[in-house]
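Presented below is the structure to which this report refers.
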Amino acid sequence: HAYANLDSFIGKDDLVDIDFNLNYIVGVDKEGKSVFTGQRGLFSKFRESIKDRGESPRDFLKGRKIVQIAATNSNVCLKLSDGSVALAGDFGSRDEDLPVLHEGEFFEKVVSGSHHYTGLTSEGRVLSWGDVTLGQTKAPARIKGVSEIFAGSAQSYAVDENGKLLAKWGNKGYLFGTDMYGADVYKRIIKGGFMTMTIGSVAVIISSIIGVIIGSVSGYFGGRTDMVLMRFMEIFSAIPFLPFALTLSAVMSQMTLSSNMRIFIIMLILGVLSWPGLARLVRGQILLARESEYVLAARAMGVKSSKIVFRHILPNIFSVILVTLTLDFATCLLIESTLSYLGFGVPYPQPSWGNMLYGCNNSTIIKNFWWQWVFPSLFLGITTISINIVGDTLRDVMDPKSNLEK
1070 HAYANLDSFI
1080 GKDDLVDIDF
1090 NLNYIVGVDK
1100 EGKSVFTGQR
1110 GLFSKFRESI
1120 KDRGESPRDF
1130 LKGRKIVQIA
1140 ATNSNVCLKL
1150 SDGSVALAGD
1160 FGSRDEDLPV
1170 LHEGEFFEKV
1180 VSGSHHYTGL
1190 TSEGRVLSWG
1200 DVTLGQTKAP
1210 ARIKGVSEIF
1220 AGSAQSYAVD
1230 ENGKLLAKWG
1240 NKGYLFGTDM
1250 YGADVYKRII
1260 KGGFMTMTIG
1270 SVAVIISSII
1280 GVIIGSVSGY
1290 FGGRTDMVLM
1300 RFMEIFSAIP
1310 FLPFALTLSA
1320 VMSQMTLSSN
1330 MRIFIIMLIL
1340 GVLSWPGLAR
1350 LVRGQILLAR
1360 ESEYVLAARA
1370 MGVKSSKIVF
1380 RHILPNIFSV
1390 ILVTLTLDFA
1400 TCLLIESTLS
1410 YLGFGVPYPQ
1420 PSWGNMLYGC
1430 NNSTIIKNFW
1440 WQWVFPSLFL
1450 GITTISINIV
1460 GDTLRDVMDP
1470 KSNLEK
């Protein structure tokens, strides 16, 4: 890793302590009056608490010296000559403030992780503060015999004088592991499932609107209207779905589109290309239903054709449409996952079940990092099967004909 201010530290021999954060090296010179970074404006305000506005180093120190420095990715903690500590840098809303010390108590040592600090006090207490996201600040209340403390990226450790581990706290690991960039696979599966099912839902809504309208008009009116609409449907049916979707996605990848716009276009592609099957089904059902007695009675009473179709016929074939929509929903999930797996769908870092499977085309990941693709595959497979089961169950409940057949 190349630090932005590395050149400023080369050959510098008057530093008493240094530490590293994500982008910078920070140090304290022999005078102990300021934080040296080689760049102006960094850590130029010291404060006793996260909530304080901060003061210049001269006004804050008042004769005290900095004897130790610890750095996280966005701020630093300074141990002063009187045992107190000072803070400098940027803090977030999830950062826990400095703990309150007992009267006469002071810090003997402070260590830092990526986003938290841990300190050992003169009374032998171990205290942690900073970011609370992964439990880094949950130091055990009663630890005796601590002589040394250490900190990892999101963990802290307390050991005795013999080097025996007394306690550890912080990040306890990841339930489903991490991906190649260190992102939590479990959280990405949850958010990716929301993304994948959102795309599938919107695509099904688009296809159902188009398919129901065209199928209803074609089936009810028949004649030339039916012929024209069916030829129009056959044009869409003749388009090879997956190759066409891949082609459009490849074209989009060459365009400067935002990730949200790409996702919207994917929804549109899936919806516009998947309606012919539903339209054909609705047309067939309406062809059967339009000669029914209740339809003939409605015509005799002068009811408008649109009301007959959408108020009388469609409710009677709704169960058949519902089953088809659930199957189409499951199919859209699989197609979106296929596009994302091939690199033409939802772009990283936004998660979807498809782009979480992108690494499966690498034999090393398949053999050695199985958790990166096994868990997303399981969720995708179980969800697809469950949706199909729900659709069949709804059909059995809502369709009187299926109950009579049983």
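In our numbering, the protein residues as written are 1070 to 1475. Ideal Cβ placement from N, Cα and C applies to all residues, glycine included.
For residue i, the nearest candidate out of the options (CA to CA)
{"i": "Ser1287", "options": "Leu1298, Ile1279, Gly1280", "result": "Leu1298"}
{"i": "Trp1238", "options": "Ser1285, Gly1193, Tyr1186, Val1271", "result": "Tyr1186"}
{"i": "Asn1090", "options": "Leu1111, Cys1429, Asn1231", "result": "Leu1111"}
{"i": "Arg1109", "options": "Phe1219, Gly1292, Val1095", "result": "Val1095"}
{"i": "Glu1303", "options": "Phe1290, Leu1189, Gly1280, Met1370", "result": "Gly1280"}
{"i": "Val1201", "options": "Phe1219, Asp1164, Gly1221", "result": "Asp1164"}
{"i": "Asn1166", "options": "Pro1209, Trp1198, Thr1190", "result": "One point to set straight first is that residue 1166 is Asp, not Asn, in the sequence displayed. The shortest Cα separation from Asp1166 among Pro1209, Trp1198, Thr1190 belongs to Trp1198."}
{"i": "Ala1236", "options": "Met1324, Phe1305, Arg1211", "result": "Arg1211"}
{"i": "Gly1336", "options": "Asp1098, Ser1406, Ser1455", "result": "Rather than Gly, the amino acid found at residue 1336 in this sequence is Met. Looking at the Cα atoms, Ser1406 is the closest of the given residues."}
{"i": "Phe1305", "options": "Arg1349, Phe1333, Met1324, Val1154", "result": "Arg1349"}
{"i": "Ala1073", "options": "Ser1285, Gly1107, Gly1204", "result": "Gly1107"}
{"i": "Gly1284", "options": "Gly1353, Pro1416, Met1324", "result": "Gly1353"}
{"i": "Arg1133", "options": "Ser1103, Ala1139, Ile1119", "result": "Ser1103"}
{"i": "Val1154", "options": "His1184, Ile1119, Gly1182, Ser1183", "result": "Ile1119"}
{"i": "Tyr1243", "options": "Leu1203, Ala1208, Lys1260", "result": "Leu1203"}
{"i": "Val1415", "options": "Lys1436, Ser1361, Ile1332", "result": "Ile1332"}
{"i": "Pro1418", "options": "Pro1309, Gly1251, Glu1192, Asp1082", "result": "Gly1251"}
{"i": "Glu1177", "options": "Val1228, Ser1150, Gly1123", "result": "Ser1150"}
{"i": "Gly1340", "options": "Ser1222, Lys1207, Val1179, Cys1401", "result": "Cys1401"}
{"i": "Gly1084", "options": "Ile1435, Thr1316, Lys1099", "result": "Rather than Gly, the amino acid found at residue 1084 in this sequence is Leu. Residue Lys1099 is the option with its Cα nearest to Leu1084."}
{"i": "Val1320", "options": "Asp1121, Ala1307, Ile1334", "result": "Ile1334"}
{"i": "Tyr1289", "options": "Ser1432, Lys1081, Gln1205, Glu1360", "result": "Glu1360"}
{"i": "Lys1148", "options": "His1171, Ser1277, His1184, Phe1115", "result": "Phe1115"}
{"i": "Leu1311", "options": "Ile1338, Arg1300, Phe1301", "result": "Ile1338"}
{"i": "Thr1452", "options": "Trp1440, Asp1465, Trp1422", "result": "Trp1422"}
{"i": "Glu1117", "options": "Asn1092, Ile1079, Ile1454, Leu1170", "result": "Leu1170"}
{"i": "Leu1356", "options": "Lys1373, Asp1295, Ser1388, Ala1307", "result": "Asp1295"}
{"i": "Leu1172", "options": "Glu1192, Ser1181, Met1249", "result": "The amino acid at residue 1172 is misidentified as Leu; the sequence shows Glu. Selected option, being the one with the closest Cα: Glu1192."}
{"i": "Thr1190", "options": "Gln1205, Ser1181, Gly1152", "result": "Gly1152"}
{"i": "Asn1092", "options": "Leu1130, Ala1140, Leu1315, Glu1124", "result": "Ala1140"}
{"i": "Met1249", "options": "Val1351, Ser1113, Trp1440", "result": "Trp1440"}
Where residue i falls: helix, strand or coil (DSSP)
{"i": "Phe1379", "result": "helix"}
{"i": "Phe1413", "result": "coil"}
{"i": "Ser1197", "result": "strand"}
{"i": "Gly1371", "result": "coil"}
{"i": "Tyr1363", "result": "helix"}
{"i": "Gln1060", "result": "Nothing can be reported for residue 1060, as the shown portion of the chain is limited to 1070 through 1475."}
{"i": "Gln1137", "result": "strand"}
{"i": "His1070", "result": "Unreliable positioning characterises His1070 in this predicted model, as indicated by a pLDDT of 49, which lies under 50. The coordinate reading is nonetheless provided below. It is coil, neither helix nor strand."}
{"i": "Ile1119", "result": "coil"}
{"i": "Glu1303", "result": "helix"}
{"i": "Ser1521", "result": "Residue 1521 lies beyond the residue range present for the chain, which begins at 1070 and ends at 1475; the question has no answer from this structure."}
{"i": "Ile1458", "result": "helix"}
{"i": "Phe1105", "result": "strand"}
{"i": "Ile1308", "result": "coil"}
{"i": "Ala1155", "result": "strand"}
{"i": "Phe1333", "result": "helix"}
{"i": "Ala1227", "result": "strand"}
{"i": "Phe1112", "result": "coil"}
{"i": "Val1215", "result": "coil"}
{"i": "Leu1339", "result": "helix"}
{"i": "Gly1096", "result": "strand"}
{"i": "Asp1088", "result": "strand"}
{"i": "Leu1347", "result": "helix"}
{"i": "Asn1142", "result": "coil"}
{"i": "Leu1298", "result": "helix"}
{"i": "Gly1075", "result": "Correcting the residue identity first, residue 1075 is Leu in this sequence and not Gly. Leu1075 falls in the helix class under three-state DSSP."}
Rounded distance between the beta-carbons of residue j and residue i, thought under 8 Å
{"i": "Leu1342", "j": "Phe1313", "result": "7 Å"}
{"i": "Ile1386", "j": "Ala1358", "result": "6 Å"}
{"i": "Phe1444", "j": "Val1254", "result": "6 Å"}
{"i": "Val1273", "j": "Phe1398", "result": "5 Å"}
{"i": "Pro1420", "j": "Met1264", "result": "6 Å"}
{"i": "Asp1086", "j": "Ile1138", "result": "5 Å"}
{"i": "Val1065", "j": "Ala1208", "result": "In the structure as shown, the chain begins at 1070 and stops at 1475. Residue 1065 is therefore absent and cannot be evaluated."}
{"i": "Val1097", "j": "Ile1135", "result": "5 Å"}
{"i": "Ser1222", "j": "Ser1183", "result": "5 Å"}
{"i": "Ser1276", "j": "Trp1344", "result": "4 Å"}
{"i": "Gly1262", "j": "Phe1448", "result": "6 Å"}
Does the segment 1157-1176 touch the segment 1136-1148, meaning 3 or more C-beta pairs lie closer than 8 Å?
yes
Can you find at least 3 beta carbon pairs, one from the segment 1422-1441 and one from the segment 1393-1412, that sit closer than 8 Å?
yes
Under 8 Å: do the segment 1451-1469 and the segment 1391-1403 share three or more Cβ pairs, one atom per stretch?
yes
With three or more beta-carbon pairs closer than 8 Å as the criterion, would you say the segment 1319-1329 touches the segment 1375-1386?
no
In chain order, which continuous runs of the beta strand (DSSP E) of length 3 or greater are located wholly inside the segment 1159-1212?
1176-1181, 1185-1190, 1195-1200
Starting from the N-terminal side, write out each stretch of the alpha helix (DSSP H) that is 4 residues or longer and does not extend beyond the segment 1235-1294.
1254-1290
Restricting to runs no shorter than 4 residues, where is the alpha helix (DSSP H) found entirely within the segment 1413-1449?
1422-1425, 1432-1437
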